[in-house]
Structures are given as structure tokens and as C-alpha cells.
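Position 22 of the sequence shown, counted from 1, bears residue number 337 in my numbering, the numbering being contiguous throughout.
To keep things clear, I will list the structure first and then write my remarks on it.
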Amino acid sequence: MSDKFFELKDVESGTTSRLGVSEGSIGPAVVDIGRLYRDHGVFTSDPGFVATASCESKITFIDGEKGVLLYRGYPVDQLAANSSFLEVAYLLLYGELPTASEQSEFAGLIMHHTMINETLLRFFNGFHFNAHPMAMVSGVVGSMSAFYHDSMDIKNPEHREIFAHRIIAKMPTIAAAAYKHSVGQPFVYPRNDLDYCSNLLNMFFAVPCEDYEVDPVAAEALDLLFILHADHEQNCSTSTVRLAGSSGTNPYAAIAAGVSALWGPAHGGANEAVLKMLEQIGDTSQIPKYVARAKDRDDPFRLMGFGHRVYKNFDPRAKIIREMCHKVLTQLGTTDSPMFELALRLEEIALQDEYFVEKKLYPNVDFYSGIIYRALGIPVSMFTVMFAIARAVGWVAHWQEMTADPSTRIGRPRQLYTGPTERDYIAVSERD
Ligand code: ACO
316 MSDKFFELKD VESGTTSRLG VSEGSIGPAV VDIGRLYRDH GVFTSDPGFV ATASCESKIT
376 FIDGEKGVLL YRGYPVDQLA ANSSFLEVAY LLLYGELPTA SEQSEFAGLI MHHTMINETL
436 LRFFNGFHFN AHPMAMVSGV VGSMSAFYHD SMDIKNPEHR EIFAHRIIAK MPTIAAAAYK
496 HSVGQPFVYP RNDLDYCSNL LNMFFAVPCE DYEVDPVAAE ALDLLFILHA DHEQNCSTST
556 VRLAGSSGTN PYAAIAAGVS ALWGPAHGGA NEAVLKMLEQ IGDTSQIPKY VARAKDRDDP
616 FRLMGFGHRV YKNFDPRAKI IREMCHKVLT QLGTTDSPMF ELALRLEEIA LQDEYFVEKK
676 LYPNVDFYSG IIYRALGIPV SMFTVMFAIA RAVGWVAHWQ EMTADPSTRI GRPRQLYTGP
736 TERDYIAVSE RD
């Protein structure tokens, strides 16, 4: 707590409260409103958490006005240019970049947890072939709590660490099993001799009847996308993991809650929605019509992949992914550039439009990511699953930070009650 404070006066009663202020290392300070109810009998209200810090954290920082994103202090563009997904995972989990030996030890640990229990694998047969992969992934991740319950003491730091390694290692395996189930192909077991993303691509696209060689360009592109999606402060799914985890629930169940929160189109589901939207728009001549619809208050259509609660400037991740699109599409020699051209033109038109300028609506991380996933051969329904694999690192880092903190209390918001006041029960025979 700093020596600054806010003084709040209740004009009616004349009572005042001194509200303490905590300063972070960067970013806005935080006013402690915990005493307001005790001193004045009122709650505060901030639906959507527009100006409310839900916790203290040392993991990720965003400056939405300047378009800055830092993981443990390192700018995401520097990490994207120089690091790897597993190195970023280590950084987010442990707070520092690993030494060379720590890095190889960590990669070894992750790659030796990649298999999932055979029984868990059979769960997929219970799903219809066209079940949405996010439904399968959230169900199977939640089911992991049944396999690791008695051996999981959340107060034990070693147990927490093994949990972190297991989730990061097994998410690609679960995702690949969901994909293989949806296309009716046999499951391909993980290969621990491959790097994280090459193993993922192999599990997705290898089949037992012929050789499959992972394209290093594809593995590199996926690794970069995963770095950019690894964490994003107290976003909807991360806050969900924290809130579920704050009750002391099994952490696999908390991660499953995060997968479910990510699925929605206002959050991680936007990458799937963007591709569907671009397909719907079809070609550049149709853009003005759809931009007009997005601006029409009476039309529910929105430009998917546009706008962000925190970024009121370019999402730094979107800029990197847009540049990456050029490179990946050229290197992979795909025929998907019309889709990219359409996205570029849509961005250009929207960013010149008064409505988007005034509301500070810029492309977000999901606007271009789907174009790359598609170029890698990943089906549209799997896009949000790819996001979940990467974001699992952030979820685990935040769950670890919260659970290791002895001052953590169960998350329990209050409300403004506007329902009926107290009334007596009426027997059914006496109701009109
Ligand atoms: N298209 C058209 N108008 C938009 C859009 C959009 N994509 N996004 C916001 N607006 C408008 C709203 O209608 C609102 O207008 P109003 O002030 O006249 O009512 C204004 O901009 C503010 O928007 P809100 O929805 O109030 O902003 P909020 O911060 O609550 O929502 C969100 C942010 C959910 C990201 C929103 O911009 C959106 O729905 N975008 C499209 C979905 C998307 O891309 N989601 C991914 C986000 S990134 C991520 O989670 C990985």
C-alpha cells in the first residue's frame, strides 16, 4: 500500500472513508474499496470489470492505449522474434527466462508427459463424430480430474508443478484425439523426439498407412502463434480459471472451466467466427455492405476479430500475425491468399471508417490467426482448440500464482438486487 489515499464522502451522513491506494510497478494504481461496505453499507458496481482489478499479479502487463503487451516484463514482439513457445511457457510459469540447461530439462519434462491414459482416450468414442471439438476438449480436460484427484494436493508445490507440466504436455494430445475422432481416423500417439509443435502437427496429420513429414515452416508458424496466445492478463477465461480455482477445486476442473469460457465468440471463439465471416463476405465488393451492417445498431452482425476490451489501439499480436501471414502463405505456397487479401482490405476499409475510428476498434489477435491455421490445414472448428492449447500455459501460471499465495480468498462477488422484496409463500390451491 502506498501513502496515497482516496477520500470518499457520503454526503447524506457526512461520514468519510479513506481508501488506501496500491501502486503497481507499471500501470494504473488500485483503490482498495474493501472497507466501503463496512463503513458505508454500500457495494461498488462495475459490470464486465471495466475498471476493477480482480487480483494482484506479476505475470503479464497490457497497456491498451499504447498497444503494449509484456510477459514477465518482456515485450511480446521480442519474444515472438527470438523465443520459442516452451521457453515462453517456462518464463510465464517461473518468472525468468531459463538457462540453456533449464530450458532443455523443462522441454524434456514436458515431452515426457505427452501421453494420456488409454481410458481417457476411449472417452472420445462417447462423442458423436460431429461434436464440436471444444465440447470434447472441455469434457476430457475436466475428466482428467478423475485421474489425478487423490494424487493432487493443491497445497503441495511439487504436485502443483507436476499438474502444470501435465496440462501443457497433454493439451496437444487431447486436441489431436478430438480432431482424429471428428475425421474418423485412428489416434496417432505422441512422439517425444519431436519438438512441441512438430509433435502436435504429427499427431494431427500423420496416418498409420503412410509416412508423414512435418513441414518445419508449419511448426515454426504454429510455435509463433502459440507464443502470442500464451497469456493475456485477467481475460475472461483466465479469470474463470482463477475464480473456479479459488474454491480449492481440482485444478483440471478449473482448467476445463477456462476452456469453456474461451469457447465463446466474444473471446477465443472469435478466430472461428472470423473465418466464417470472411467466407460469408466472399469478396471485396461485398465489404461495404458488411461494414454497414456492423455499424447498424439494429443488426446483431459485428465485425468479428475487431475490437477489444483493453486495446484501444492496435493489438500488438495482430500486427505480428498479419506480417506472419505474408511469410507463411508464401512459404507454404498455399492458395489461401484471396482470403488474406479480403481480410487486409476489410481492415483497411474499417480503419478509415468514422464508426471504427471513433470507437477505437482495431483488429485483435483473432483477426488474422485463422488464416494461418487454415493454411496449416487445421479445420475451422479446431481454431479455438489451438488457442486453448496455447492459453493453457497462462491459465496454469495464473492458477499457480493464486494458489501459492497464502492470502488468496475464495472469489465471491456481490450484486445489486432488484428482485421481489420479502413475501409469504402461497399454497398452490390459493394461487390465481
Ligand atoms: N463490430 C462492430 N461494432 C463493435 C465491435 C465490432 N466488432 N466491437 C465493439 N463494437 C461497438 C459496440 O457495438 C459498442 O458500440 P456502442 O458504444 O454504440 O454501444 C462499442 O463498440 C463498444 O463495444 P462493447 O461491446 O461495449 O465493448 P466490450 O469491451 O464490452 O467488448 C469485444 C469487447 C467483446 C471484444 C467486442 O469488441 C466484440 O464483440 N468484438 C468482436 C468479437 C471478437 O473479435 N472477440 C475477440 C476478442 S480478443 C480475445 O478475446 C481473444
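All residues carry an ideal CB built from backbone N, CA and C; glycine is no exception.
Thinking C-beta only, is residue j closer than 8 Å to residue i?
i: H474; j: I425; result: no
i: G620; j: F702; result: no
i: G379; j: V625; result: yes
i: T375; j: E548; result: yes
i: N586; j: G692; result: no
i: V345; j: K319; result: no
i: V695; j: K591; result: yes
i: I741; j: L661; result: no
i: T599; j: L676; result: no
i: A422; j: L401; result: yes
i: V383; j: P615; result: no
i: M451; j: F442; result: yes
i: A588; j: L618; result: no
i: S332; j: L731; result: no
i: A534; j: L647; result: no
i: I341; j: I431; result: no
Does the beta carbon of residue i fall short of 7 Å from some heavy atom of the ligand ATP?
i: H496; result: Among the ligands in the structure shown, the ligand ATP does not appear; only the ligand ACO can be found there.
So, at 8 Å on beta carbons, what are the nonlocal neighbours of residue i in its own chain, with the 5 sequence-adjacent residues on each side left out?
i: A581; result: C551
i: M717; result: C370, R557, G560, S561, T723
i: Y463; result: F478, R481, N565, Y567
i: K381; result: N628
i: D613; result: none
i: Y386; result: I374, T375, L394, V403, L406, L407, A545, D546
i: G579; result: C551
i: K674; result: G622
i: S466; result: H474
Excluding five sequence neighbours on each side, which residues of the same chain lie with their C-beta closer than 6 Å to the C-beta of residue i?
i: K610; result: Y670
i: I469; result: T718
i: R706; result: H544
i: L577; result: S552, G583, A703
i: P487; result: L515, I704
i: Y605; result: I596
i: R727; result: none
i: T555; result: A572, G573, A576
i: A396; result: none
Could you tell me which of the options sits nearest to residue i, measuring between CA atoms?
i: V522; options: H496, L412, R738, Y511; result: H496
i: E327; options: R387, G356, F519; result: G356
i: L351; options: A368, F321, R738, L516; result: F321
i: D538; options: A366, V700, L334, S398; result: S398
i: I725; options: T733, P735, A366, W714; result: W714
i: V643; options: A536, V700, R353; result: A536
i: P362; options: E745, E737, R729; result: R729
i: V365; options: G349, V383, P343, L384; result: P343
i: G573; options: T699, G648, V529, T649; result: T699
i: V498; options: E476, I483, S466, N440; result: N440
i: Q500; options: C524, S460, V672; result: C524
i: G388; options: D720, G410, R746, A368; result: G410
i: P721; options: G349, G563, T736; result: G563
For residue i, which residues of its own chain have a beta-carbon under 7 Å away from its beta-carbon, when the five flanking residues on both sides are left out?
i: A571; result: S453, V456, G457
i: N507; result: M426, H427, T429
i: Y527; result: N517, F520, A521
i: L259; result: With the chain represented from 316 up to 747, any question about residue 259 goes unanswered, as that position is not in the structure.
i: S419; result: none
i: D668; result: V606
Roughly how far, in whole angstroms, is the beta-carbon of residue i from the beta-carbon of residue j, given that I think they are within contact range, below 8 Å?
i: C512; j: F478; result: Rounded, the Cβ-Cβ distance is 22 Å, inconsistent with contact.
i: Y494; j: P566; result: Rounded, the Cβ-Cβ distance is 25 Å, inconsistent with contact.
i: E338; j: S317; result: 5 Å
i: T330; j: D347; result: Contact flag wrong, Cβ pair sits at about 17 Å.
i: L436; j: A492; result: 6 Å
i: P505; j: M518; result: 6 Å
i: A633; j: P678; result: 4 Å
i: C640; j: Y683; result: 5 Å
i: I635; j: D392; result: 6 Å
i: I483; j: V743; result: Their Cβ separation, rounded to whole angstroms, is 55 Å, which puts I483 and V743 out of contact at 8 Å.
i: T645; j: A690; result: Between A690 and T645 the Cβ distance is about 10 Å, and since that is not below 8 Å, they are no contact.
Which partner residues does residue i have in the DSSP bridge list?
i: R333; result: E322
i: T375; result: Y386
i: V345; result: S337
i: P566; result: Looking at the DSSP assignment, P566 forms no beta bridge with any residue, so it has no partner.
i: E525; result: V522
i: P678; result: F621
At least one CB of chain C closer than 8 Å to the CB of residue i: is that the case?
i: Q715; result: The chain inventory of the structure shown lacks chain C, comprising one protein chain alone.
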